[in-house]
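Position one of the sequence shown corresponds to residue 495 (this note's numbering), numbered consecutively onward.
Where a beta carbon is used, it is the ideal one built from N, C-alpha and C, also for glycine.
In this text, all values refer to a predicted model and were calculated from it rather than measured experimentally.
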Amino acid sequence: MAIFKPFKAWRPTPDKAGLVASKPYDVLNSDEARLEAEGNPISFLRIGKPEIDLDKSINLYDPQVYQKGRDNLQQLIKDGVLVEDSANYFYVYAQTMNGRTQYGLVGCASVEDYWNDVIKKHEKTRADKEEDRCNHVRVTNAHTGPIFLTYQDVDEINEKVAKIASGVPEVDFVAQDGIRHQCWLIKDAEECALIESKLAEVNNFYVADGHHRSAAAAIVGKERRVANPNHKGDEEYNYFLAVLFPASHLYIMDYNRLVKDLHGLSTNEFMEKISAYYNIEQHTGQYKPDAKGQVGMYLNKQWYKLTLRDELANNPDPVESLDVAILQKYVLDGILGIEDPRRDKRIDFVGGIRGLGELERRVDSGEMAVAFAMNATSIQELMDIADAGQIMPPKSTWFEPKLRDGMFIHFLD
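Here is the structure:
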């Protein structure tokens, strides 16, 4: 049984939502965040990346950074930019990108479900990044950005969400990047209770994006529980902010690879080695793979279609059968000597949102020698790997659109 409950959110007033809501803290570096927030004193980047309001020389993990985030958050409350709802609600959050809309349910997931693996994970987390988000939660006393969860569709919930979203949204704005964000409130207590009971019948939720945030929420929640001699289990620190999307609504983009050199091989030697694993065809113009077992390769101003050889296909292991894992095993490691893609400086990763032109640009400039355009990992593959208790290779999924920070805030008490 999965727990997902309504909560009393702090939210920007509808007229300010478009100015407050910001991209997540982890998709911008500090300089990019400074530019994005420039001229906007109520941008939520000042809470998610509060170093932008401090001297550039400051260490990102300095206690002053987290304190600045807390101060900025409290200032938004003091100024009436953020207002607390009067009761526990669910919220419908819609995002529209390139004419496609996904609808999520905003509420609070259970810390206990995280530790008991009712909420399943598919990525490793780094201790330093975990501690950064833990400190942010500890000092602000809040979950300021939602975790992106998914689950197998429940038709009754989909129908309820669709009905609610047919009404007039309370919040409706288009961000600078062209993505539309809308929010509806589910205020009826009986309706909230029905949704909560239906979700309790779901076996598992899955972390689609936000592994470090969810880990931090769970760690701090456990700390609060241990520190509270009167712990009962219903305190707000036992829950964390999340947006829950049905699997059918999600769109995973390709996550592509670039490599700086051919590991001492000539072009002909490299192509010959690849032909042991993939059938190679020259392709006129860009090649974007659209089926499992296919990879696009850009080398010397020429695109190629690589198709995995039949004898290597149909691996039953959910991780080893991923296109990114196959390329890593046979080409990136086996041919190009990139054993650890997390740490090797010769490889870089580019989200599909940037398009194949970005791959061409970086190869044609001489910065990189070869690019690989990947077929996107499917949501079912993600779930299969999480169900098996396994971990995806790094940079396997790129979700778009990203959830905005600052549209909903959940305090821990």
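Assigned with DSSP and collapsed to three states, K799 falls in strand. Here DSSP, grouped into helix, strand and coil, assigns D626 to helix. P500 carries a coil assignment under DSSP once its states are collapsed to helix, strand and coil.
Non-local beta-carbon contacts of L906 in its own chain, meaning distances under 6 Å to residues more than five positions away in sequence, involve N635, E730 and Y731 in chain order.
Under DSSP, the beta-bridge partners assigned to A636 are F905. In this structure the region 538-547 does not touch the region 682-702; the number of beta carbon pairs closer than 8 Å is below three. Sixteen is the threshold: when 16 or more other Cβ atoms of the shown chains lie within 10 Å of the Cβ of I680, as they do, the residue is buried. In the structure shown, K726 adopts coil according to DSSP, grouped into three states. Bridge pairing for G790: K799 and A867 [DSSP]. Taken in chain order, the complete beta strand (DSSP E) segments of 3 residues or longer contained in the region 737-782 are 749-753 and 772-777. Judged by DSSP in its simplified three-state form, L599 adopts strand. Here DSSP, grouped into helix, strand and coil, assigns K614 to strand. When the beta-carbon positions are compared, Y781 and R803 stay at least 8 Å from each other. Collapsing the DSSP output to three states places R528 in a helix. Looking only at N794, V813, S815 and P783, the smallest Cα-Cα distance to T801 is reached by P783. L576 sits in a strand when the DSSP states are folded into three classes. Per DSSP, the beta-bridge partners of V668 are R674.
Here W609 is exposed. Its C-beta has fewer than 16 other C-beta atoms within 10 Å. Shown here, M862 sits in coil according to DSSP, grouped into three states, outside any helix or strand. Beta-carbon to beta-carbon, M747 and E617 are separated by about 16 Å, too far to satisfy the 8 Å threshold. One alpha carbon belongs to W504, the other to L599, and they sit about 16 Å apart. For L643, the enclosing beta strand (DSSP E) starts and ends at I641 to Y645. Put simply, the backbone Cα of E624 is about 27 Å away from that of P740.
Nearest Cα to Q676 within the set E833, H904 and Y585: Y585. Annotation: the continuous beta strand (DSSP E) that includes Q589 extends over F584 to M591. A contact between stretches requires three or more CB pairs, one per stretch, nearer than 8 Å, and the region 566-581 fails this requirement with the region 658-668. No Cβ-Cβ contact shorter than 8 Å links Y560 with V514. Distance from the Cα of D607 is smallest, within the candidate group L816, S551 and A709, for A709. The way I'd put it, the region 854-869 does touch the region 783-796; three or more beta-carbon pairs between them come closer than 8 Å.
Membership of Y608 in any beta strand (DSSP E) is not indicated; the residue belongs instead to the alpha helix (DSSP H) covering V605 to W609. Between the region 810-820 and the region 877-891 there are three or more inter-stretch CB-CB distances shorter than 8 Å, so the stretches are counted as touching. Separation of D509 and N629 (C-alpha to C-alpha, rounded to the nearest whole angstrom) is 31 Å.
The shortest CA-to-CA distance from H757 to any of A863, P835 and G563 is the one to A863. Taken in chain order, the complete beta strand (DSSP E) segments of 3 or more residues contained in the region 806-882 are 841-845 and 864-868. CA-CA distance, M765 to S604, rounds to 50 Å.
When the five nearest sequence neighbours on each side are left out, the beta carbons in the same chain lying within less than 7 Å of the beta carbon of E852 are those of V844, in order along the chain.
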